[in-house]
Amino acid sequence: MSANNFSGTNPAGSNHPTATQPTATSTSGTKGAEAGEGLKGIFAKGHGIGESIRGNINSAIDGFTGDSASMAKNEQVARGGEQEFQTGQFAKRGTTDKAL
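For the sequence shown, my numbering assigns the number 12 to the initial residue and increments by one for each residue that follows.
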């Protein structure tokens, strides 16, 4: 009895045109990109928390001093930080300074 007669084997051989060949797919590139995006999202969320805190504190200080222009700017910073935290995306994409 030959080895090719066992159930589950292809008697035609693996090089035969009717033999089923597994398809090779490269997932290492997509896995790396997914990991990078996940890490970027974590940093964006952390940055968002910091921006939200900074904006709220500075806005409160500006409210005490009566500087309404700076208060409005810092409220915008706080809103941008909250958006970054919720979405995991930096508010200003493609710039080196992500702060609003």
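In this text, a Cβ means the ideal position worked out from N, Cα and C, and glycines have one as well.
The Cβ atoms of E86 and G59 lie no closer than 8 angstroms to each other. With respect to the 8 angstroms criterion, Q94 and A102 are classified as neighbours on the basis of their beta carbons. With a threshold of 16 other beta carbon atoms within 10 Å, A55 meets it and is buried.
Between the C-alpha atoms of A44 and T98 there is a straight-line separation of about 18 angstroms.
Rounded to the nearest whole angstrom, the C-alpha separation of G40 and E48 is 12 angstroms.
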